[in-house]
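Peer 1: For the record, in the sequence shown the residue sitting at position 260 is 260 according to the UniProt record's numbering, with numbers rising by one throughout. We treat Cβ as the ideally placed atom computed from N, Cα and C, and that holds for glycine.
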Amino acid sequence: MLQQANSLAIEAEDLYLDGHMQQAAARYEKAAEAYVRATLSTSDTATLQSLRQLALAHSHRSHELKWLVELNSLPLDASASHDDYPPAAPPPEEAEWADASTLCAAAEGPLALLRLGSTLLGTLETLRLGAEELLAGELALPPAAGGVGSLPLGLNDSFCIVAPEAQPPHAAESREGEALAATRQKLHQLAAESDRLRRENVFLKQLNTEVSSTLVRAQRRAQDQLRLVKRAIKALREIQKAPRPDLSQSGAAEIEELRAQLDEAHRARRGQAELVRKYESRWRHLKASARQKQAMNELKQPAAAGGASVLGACPASAGSSSLPRAAHPAPRNQLVR
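1) Helix, strand or coil, according to DSSP, for G177 in the structure here?
2) Are the stretch 26 to 46 and the stretch 55 to 66 touching, with three or more C-beta to C-beta distances below 8 Å?
3) Please list the terminal residues of the continuous alpha helix (DSSP H) segment that includes A9.
4) Starting from T47 and walking both ways along the alpha helix (DSSP H), at which residues does that stretch end?
5) Pick helix, strand or coil for P302, following the three-state DSSP scheme.
6) Just to confirm, are R52 and M1 a CB contact at a threshold of 9 Å?
7) Could you check what DSSP says for T209 in three-state terms: helix, strand or coil?
8) Is it true that the CB of L54 sits closer than 9 Å to the CB of A12?
9) Drop a sphere of 10 angstroms on the beta-carbon of A24, count the other beta-carbons inside from all chains shown, and report buried for 16 or more, exposed for fewer.
10) Could you spell out the range, first to last residue, of the alpha helix (DSSP H) harbouring R27?
11) Between the C-alpha atoms of T183 and V202, what's the straight-line distance to the nearest angstrom?
12) Under a three-way DSSP split, which group does R244 fall into?
13) Return the residue from the list H20, A26 and A179 that minimises the CA-CA distance to L8.
14) DSSP three-state label for T214, please.
15) In the structure shown, what three-state DSSP assignment does T42 receive?
16) Could you give the distance in angstroms between the alpha-carbon of G251 and the alpha-carbon of K230?
17) My assumption, with CB atoms under 8 Å, is that Y28 sits in contact with L65. Please give the rounded CB distance.
18) Which residues in the same chain have their Cβ closer than 6 Å to the Cβ of T47, if we skip the five residues on either side of it in sequence?
19) If you draw a straight line from the alpha carbon of A218 to that of L258, how long is it in whole angstroms?
What follows is the structure, encoded as structure tokens:
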């Protein structure tokens, strides 16, 4: 049964690629029914889930092709009668898918437009089938003791054992929304990074231009300096190569005399420098001795003043003379003053 379903799916795909939409829709529907029958021959949960997904996919494909055939068979006046009405605003998720499909259509042409219509029709059919299953309560398990011949062959009456850890159908949509949001965020980040790199590129180009102009000026100056250096070296070599005139005896004697005068001036200058050094050393010695004497005098003056105050405070003894204090001789320190 599974091989028959696979062969029907391959045949339907070939017919679709050849452009036979109606025959491909019929083959897709038969392949979906074959996948539904194949679910009855296995008890593996993963296999059942895979077969059910294949049946749903092929059924959606069949409905898409049927709707495409019906759309292509509409007359022009019937399709143009709705041009006066504004198009209804699609839901946010359908608008996002429509934007993505529109971008694909701009790149791939009519085939992308055909795929866009197929995607929209498949989404509509999926919503309709889900609503029917929710209303009819087909998500519950049927009794296990049923024969194969007693089961209907329609897709809406098929069943599948879903694992307990399997996520509900809306989880896939939420994951797709999260993936789309993450993709948009990455696109915004890439756009910001591209803008930053573009600004850096402009700045680096400007800096490169300035550095290039500066380098050109520096090279020009270096060439000018090198040219001047070469000229100076050439002139020096020419001067060195020129023969020197011989000095006469009078010129040599004059040079010797000038050298002797220069040596005498140097000796006199050295003697004056030595005298200045001696005078400075003597001056420093005299200045230090004067400061030392001044410090000693300052230390002696408080001691002499203390002795005079002690002598003035003592009373006259009984055997002393009756002369007034002014008749006594003055202290020694006062005489020194």
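Peer 2: Reading it off the structure:
1) As a working note, residue 177 is residue 177 in the sequence shown. In the structure shown, G177 sits in a helix (DSSP, three-state: H, G or I).
2) yes
3) Start at 1 with the first residue of the sequence shown, and residue 9 comes out as number 9. A9 -> alpha helix (DSSP H) spans L2 to D18.
4) Start at 1 with the first residue of the sequence shown, and residue 47 comes out as number 47. Counting along the chain, the alpha helix (DSSP H) containing T47 begins and ends at T45 to N72.
5) Stepping through the sequence shown from its first residue, residue 302 is reached at position 302. When secondary structure is reduced to three states using DSSP, P302 falls in the helix class.
6) Here the question's residue 52 lines up with position 52 in the sequence shown. Here the question's residue 1 lines up with position 1 in the sequence shown. Cβ atoms of R52 and M1: not closer than 9 Å.
7) On the sequence shown, residue 209 is found 209 positions in, with the first residue counted as 1. Note: T209 maps to helix in three-state DSSP.
8) Along the sequence shown, one-based indexing puts residue 12 at 12. Along the sequence shown, one-based indexing puts residue 54 at 54. No, Cβ-Cβ distance for A12 and L54 is not below 9 Å.
9) In the sequence shown, counting from the first residue as 1, residue 24 sits at position 24. By the 10 Å Cβ count, A24 comes out buried.
10) By 1-based counting over the sequence shown, the position of residue 27 is 27. M21 to A38 is the extent of the alpha helix (DSSP H) around R27.
11) Position 183 of the sequence shown holds residue 183. Position 202 of the sequence shown holds residue 202. Approximately 28 Å, taken between the alpha carbons.
12) Stepping through the sequence shown from its first residue, residue 244 is reached at position 244. Coil, per DSSP.
13) Locating residue 8 in the sequence shown gives position 8, counting from the first residue. Nearest C-alpha to L8: A26.
14) Locating residue 214 in the sequence shown gives position 214, counting from the first residue. In this structure, T214 counts as helix in the three-state DSSP scheme.
15) In the sequence shown, the residue the question calls residue 42 occupies position 42. Note: T42 maps to coil in three-state DSSP.
16) Looking up residue 251 in the sequence shown gives position 251. Looking up residue 230 in the sequence shown gives position 230. C-alpha separation (whole angstroms): 35 Å.
17) Counting from 1 along the sequence shown, the entry for residue 28 is found at position 28. Counting from 1 along the sequence shown, the entry for residue 65 is found at position 65. Y28 to L65, Cβ: 7 Å. Contact.
18) Here residue 47 corresponds to residue number 47 of the sequence shown, with the count starting at 1. Result list for T47: empty, nothing under 6 Å.
19) Stepping through the sequence shown from its first residue, residue 218 is reached at position 218. Stepping through the sequence shown from its first residue, residue 258 is reached at position 258. Going by the C-alpha atoms only, they are around 49 Å apart.
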